[in-house]
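Reading through the structure tokens given below for one structure.
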Amino acid sequence: MNEVGTSIPRVAVVISTWDGNPSDYIFSLVDSLNRYNAGVPYDLYLCANGESYRLPQNLSNIFKKLLVRENTGFNLGAWDYAWRILPQYDNYLFMQDDCYIKKDNWLKDFIQCFNSIEKCGLVGEYLNKSWDM
6 MNEVGTSIPR VAVVISTWDG NPSDYIFSLV DSLNRYNAGV PYDLYLCANG
56 ESYRLPQNLS NIFKKLLVRE NTGFNLGAWD YAWRILPQYD NYLFMQDDCY
106 IKKDNWLKDF IQCFNSIEKC GLVGEYLNKS WDM
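In terms of my numbering, the sequence shown opens at residue 6 and continues consecutively.
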């Protein structure tokens with residue numbers, strides 16, 4: 006419970022990657038996650054498509070868990086896999102490893118958007134060229 010008596014949702018942020026992607030994708034995303042305040046607490050997971058994936062050693066303490074799976078289903082397969090084995094969360098944010106965060110309260114804003122729409126099942130991101138300034 007927070008200071009006004011409402012419960013804080015359990016949030017999982019799941020990043021998908023492929024064992025053929027350059028590791029600098031993950032480094033850039035993790036750097037942006039650390040640079041901007043999410044606005045709510047979350048657990049961070051990495052789901053790798055490709056059974057030979059090895060997490061760079063200096064990132065081993067960043068993720069709550071590394072999920073490694075067969076390389077099928079693209080990013081959607083990785084997200085579905087994570088969602089099914091992590092049922093304890095109230096909200097999930099699924100990201101690709103080549104994304105990056107650009108502002109504070111990025112996760113809080115997603116959750117507020119989701120909760121503001123009656124019978125909402127999914128909220129997604131979009132490309133906003135003005136953010137790349």
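C-beta atoms are modelled at their ideal positions from N, C-alpha and C, and glycine is treated no differently. Since the structure is predicted, the reported quantities are computational estimates derived from the model, not experimental observations.
Segment contact: the region 98-116 against the region 11-21, three or more CB-CB distances shorter than 8 Å; contact assigned.
Secondary structure note for residue 96: it is in no alpha helix (DSSP H), and the uninterrupted beta strand (DSSP E) holding it is 96-101. Scanning 45, 67, 25 for the CA closest to the CA of residue 32 turns up 67. Sequence-distant partners of residue 94 (beyond 5 residues in either direction) whose C-beta falls short of 7 Å from its own C-beta, in its chain, are 15, 16, 17. Taking the CA atoms as reference points, residue 24 sits about 14 Å from residue 82. If you draw a straight line from the Cα of residue 22 to the Cα of residue 124, it is about 30 Å long.
Each residue's CA atom was taken as its position, placing residue 27 and residue 104 some 13 Å apart.
Annotated three-state conformation of residue 118 is helix, per DSSP. Judged by DSSP in its simplified three-state form, residue 113 adopts helix. Cα atoms of residue 117 and residue 85: separation of roughly 23 Å, rounded to the nearest angstrom.
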